[in-house]
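S.K.:
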Amino acid sequence: MSKVHYDIGAYRPYLPIHPSIPSEIYKQFEVAHEAGDTDWEFTHYPNWTGPSDYKLDHDEPTNGLSPVWLRMPDDEDIQRTPIRNVTYDTWGPGVKSWSIAAQSHLSLLENLYFNNASAYYEALNEVWFTDYDRLSINMICVEANDILAQFPVDKDVVDEEWLTVALPKRLKKHVVVETRALAAHFAFSFQNAIEYTDVLNRYADYASKKACLNLYQFGIPIFGDIEVDVRPVHHSHPARISGGG
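Take the sequence shown: its position 42, counted from the start at 1, is 42 in UniProt numbering, and no numbers get skipped.
#1: Can you grab the Cα-Cα spacing for the pair Thr90 / Arg134, in whole Å?
#2: Distance cutoff 8 Å, beta carbons only. Does Leu15 sit that close to anything in chain B?
#3: Can you tell which of Lys3, Lys210 and Gln28 has the C-alpha that lies nearest to the C-alpha of Ser97?
#4: Do Ala117 and Asn111 count as a contact pair if the criterion is CB distance below 8 Å?
#5: Relative to the C-alpha of Lys210, which candidate in Ile21, Asp146 and Asn115 has its C-alpha closest?
#6: In whole angstroms, what is the alpha-carbon distance linking Met1 and Ala181?
#7: If you draw a straight line from the alpha carbon of Leu15 to that of Leu124, how long is it in whole angstroms?
#8: Thinking C-alpha only, which one of Ile137, Glu161 and Leu167 is nearest Phe151?
#9: DSSP puts Phe129 in a beta bridge; with which residues?
#10: Would you call the region 29–48 and the region 139–157 touching, i.e. three or more CB-CB distances under 8 Å?
#11: What is the DSSP secondary structure of Ser23, reduced to helix, strand or coil?
#12: Checking the sheet assignment: what are the DSSP bridge partners for Trp69?
#13: Out of curiosity, what's the CA-to-CA distance linking Ile8 and Ala119?
#14: State yes or no: is the C-beta of Asp198 within less than 8 Å of the C-beta of His44?
#15: Buried or exposed: which applies to Phe29, given that a residue is buried once 16 or more other Cβ atoms fall within 10 Å of its Cβ?
#16: Have a look at Trp48 and His18 and give me their C-alpha separation to the nearest angstrom.
#17: Note down, one range per segment and in chain order, each beta strand (DSSP E) of at least 3 residues found wholly within the region 139–200.
#18: Indicate the three-state DSSP secondary structure (helix, strand or coil) for Asn63 in the structure shown.
#19: Keeping to the same chain, check which residues put their C-beta closer than 6 Å to that of Val68; ignore five residues upstream and five downstream.
#20: Can you tell me which of the three DSSP states His58 falls into?
In structure tokens:
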């Protein structure tokens, strides 16, 4: 959906702190990140500054880049950010690029800050029939009987292709997208370099202030007898990312 969300204007322009900027200006934010003390609100940070011709390509490695990303001052600057290279393609940059993943999450956090979730569906605002295009299954609902009736399933099937293309064609049913539903998938295994950024720490801060309020104790929200550790990640011990499917 990255390409769709880009085309309808849901993305925002972000880039890592540029190395040409004197380190003392932004050092406080990188130190805070390394200590796991990261603020989720983009307004807590200054605007990005750097050379006017600088662009970050979607396939650049993290080498030499700051883990802290900043909002660019002009929305038109989005043409200098990784998302400009996104395509509507099963194996395109939206699936493989760590920097597009980072920009996706930072854009979502900014839209949440402005209570602007409608940025992802206002231009669509209807059920979308996919006409047997392959889609991500990171968030999908199915009729259990449709699946159980197919057992045993060939062990060599590709789950995503099977659930969104092969099975619907066999059943003469359609996969539909409810465009007003919104879920964030952190990263695919191809994008595990996102662990170098401060994105997960920003989510942890959002959770502590917005999602877990009364449950958050010493950085760990308690759900019944289950403890879920969402404490900020220290840069020296980055989070491990498991692949999506």
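Built from N, CA and C at the ideal position, the CB exists for glycine as well. No experiment lies behind these values; they were computed from the predicted model shown.
M.R.: Let's see:
#1: Along the sequence shown, read from residue 1 onward, the residue named residue 90 stands at position 90. Along the sequence shown, read from residue 1 onward, the residue named residue 134 stands at position 134. Rounded to the nearest angstrom, the two C-alpha atoms are 7 Å apart.
#2: No chain B appears in the structure shown, which is made up of a single protein chain.
#3: One-based indexing of the sequence shown puts residue 97 at position 97. That would be Lys3, whose Cα lies nearest to the Cα of Ser97.
#4: Translated into positions along the sequence shown, residue 111 becomes position 111. Translated into positions along the sequence shown, residue 117 becomes position 117. Yes.
#5: By one-based count along the sequence shown, residue 210 stands at place 210. Answer by Cα proximity: Asn115.
#6: For this step, residue 1 is matched to residue 1 along the sequence shown. For this step, residue 181 is matched to residue 181 along the sequence shown. Their backbone Cα atoms lie some 12 Å apart in a straight line.
#7: On the sequence shown, residue 15 is found 15 positions in, with the first residue counted as 1. On the sequence shown, residue 124 is found 124 positions in, with the first residue counted as 1. The alpha-carbon atoms of Leu15 and Leu124 are separated by roughly 28 Å.
#8: Within the sequence shown, numbered from 1, the residue matching residue 151 stands at position 151. Of the listed residues, the one whose Cα sits closest to Phe151 is Leu167.
#9: Taking the first residue of the sequence shown as position 1, residue 129 is located at position 129. In DSSP, Phe129 forms a bridge with Val176.
#10: no
#11: Along the sequence shown, one-based indexing puts residue 23 at 23. Ser23 falls in the helix class under three-state DSSP.
#12: Sequence index remark: in the sequence shown, residue 69 carries index 69 (1-based). Paired residue(s): Pro16.
#13: The sequence position of residue 8 within the sequence shown is 8, counting from 1. The sequence position of residue 119 within the sequence shown is 119, counting from 1. Looking at the two C-alpha atoms, the distance is approximately 8 Å.
#14: Your numbering for residue 198 matches position 198 in the sequence shown. Your numbering for residue 44 matches position 44 in the sequence shown. No, they are not a contact pair.
#15: Here residue 29 corresponds to residue number 29 of the sequence shown, with the count starting at 1. Buried, because 16 or more other Cβ atoms sit within 10 Å of the Cβ of Phe29.
#16: As a position in the sequence shown, residue 48 is number 48, starting the count at 1. As a position in the sequence shown, residue 18 is number 18, starting the count at 1. Straight-line Cα distance between these residues: approximately 8 Å.
#17: 176–178
#18: Your numbering for residue 63 matches position 63 in the sequence shown. Coil, per DSSP.
#19: Start at 1 with the first residue of the sequence shown, and residue 68 comes out as number 68. Excluding positions up to five away in sequence, the list reads Ile17, Phe29, Glu30, His33 and Asp198.
#20: The residue you call residue 58 lines up with position 58 of the sequence shown. Of the three classes helix, strand and coil, the one that applies to His58 here is coil, per DSSP.
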